[in-house]
Amino acid sequence: MNKDIAKLMSFIAGFADTTGFVALHGLFLAHVTGNFVTLGAAVSQGTSGMIGKLLALPIFCITLLATRFLGNVYEREGRSAFMPLFAFEALLLTFGAFLALYHGPFIGADGSPLLVVGMLWVMAMAIQNGIHRIHMKGCPPTTVVTGSTTQIMLDFTDLLMGKQSNIQATKQQLKGLLSSVFFFALGCASAAVSYSFVSIWCFVVPPVLSVITLYLLRRNPLHNSD
């Protein structure tokens with residue numbers, strides 16, 4: 001079950017990241033460190049959009065602190081924080097989408113509505129990142145794929161050279177990593193196509209998928225051993 005949820009979460013993250021980039025003037029929502037690059041470009045070219053790029057990483061970090069804190073509180077009580085955290089992620093995505101539909105399309109890159117929408121979705125992606133680290137340790141990352149791509153190439157090279165002692169385990173890991181990268185990329189492509197056809201309405205997709213994920217989790221609770 002974890003693997004199916006991970007696929008959905010990878011798609012959501014890819015979709016959200018691309019939506020932010022195309023609809024929020026180059027703001028990365030999942031791959032927040034990418035904003036360093038776009039911030040540098042904005043500074044060198046004298047373009048707008050610097051405020052959101054400056055805010056993204058601090059907001060991301062503060063949200064992760066809160067995520068970890070809540071997780072520890074639930075752990076002390078003998079409960080899992082996965083469902084409450086993911087429900088809050090879904091709420092942030094939904095509220096952000098509502099504001100995007102109300103205020104968008106966004107003309108200025110530093111306007112307050114754009115910044116609020118962007119930071120709400122940055123918080124949502126931070127929670128998803130924290131959820132993976134805490135509750136889905138056996139699954140590949142769902143919000144960024146650089147590390148996964150690196151590991152794919154390393155494992156693939158080792159398999160070709162026959163260096164792996166446990167071939168079956170490596171193949172299984174490779175399969176999971178490829179799945180994560182594929183669904184993230186599929187989410188990116190879907191967001192790009194959606195934006196070209198329905199513009200700001202593409203913000204609706206991640207909240208809907210997050211609600212579907214919650215429904216699946218309620219029917220089949222996640223287990224760390226999956």
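Just so you know, UniProt numbering puts 137 at position 137 of the sequence shown, and the rest follows in order with no gaps.
Ideal placement from N, C-alpha and C gives every residue a C-beta, glycine not left out.
Are there 16 or more other CB atoms within 10 angstroms of the CB of I131, so buried, or fewer, so exposed?
Flag for I131 reads buried.
With a 10 Å radius around its C-beta and 16 neighbouring C-beta atoms as the bar for buried, classify S112 as buried or exposed.
Burial call: exposed.
Which first and last residues belong to the alpha helix (DSSP H) in which M136 is found?
Run containing M136: none; DSSP gives neither H nor E here.
Using the three-state DSSP reduction, which class does N220 fall into: helix, strand or coil?
Note: N220 maps to coil in three-state DSSP.
Leaving out five residues before and five after S210 in sequence, what residues of the same chain have Cβ atoms less than 7 Å from its Cβ?
Counting only Cβ-Cβ distances below 7 Å, and skipping sequence neighbours, we find I12, E89, A90 and L93.
Answer yes or no: do Q35 and K7 have a C-beta to C-beta separation smaller than 7 Å?
According to the sequence provided, residue 35 is Asn. The question's Gln does not apply to it. Against a cut-off of 7 Å, the Cβ pair of K7 and N35 comes out as no contact.
If we count the other Cβ atoms within 10 Å of its Cβ and call it buried at 16 or more, is C139 buried or exposed?
That one is buried.
For residue 268 versus L85, is the C-beta spacing smaller than 7 Å?
The structure shown does not extend to residue 268, since the chain is modelled only from 1 to 226, so the question has no answer here.
One question on the structure: do F15 and V208 come within less than 7 Å of each other, judged by their Cβ atoms?
For F15 and V208, no; Cβs fall outside 7 Å.
If you draw a straight line from the alpha carbon of A170 to that of F184, how long is it in whole angstroms?
The sequence shown places Thr at residue 170, not Ala. Going by the C-alpha atoms only, they are around 21 Å apart.
So what does DSSP say about D226, is it helix, strand or coil?
For D226, the pLDDT reaches just 42, beneath the cut-off of 50, and the residue's location in the model is therefore unreliable, although a value from the coordinates is still provided. Of the three classes helix, strand and coil, the one that applies to D226 here is coil, per DSSP.
Would DSSP call P105 helix, strand or coil?
Reduced to three states, the DSSP call for P105 is coil.
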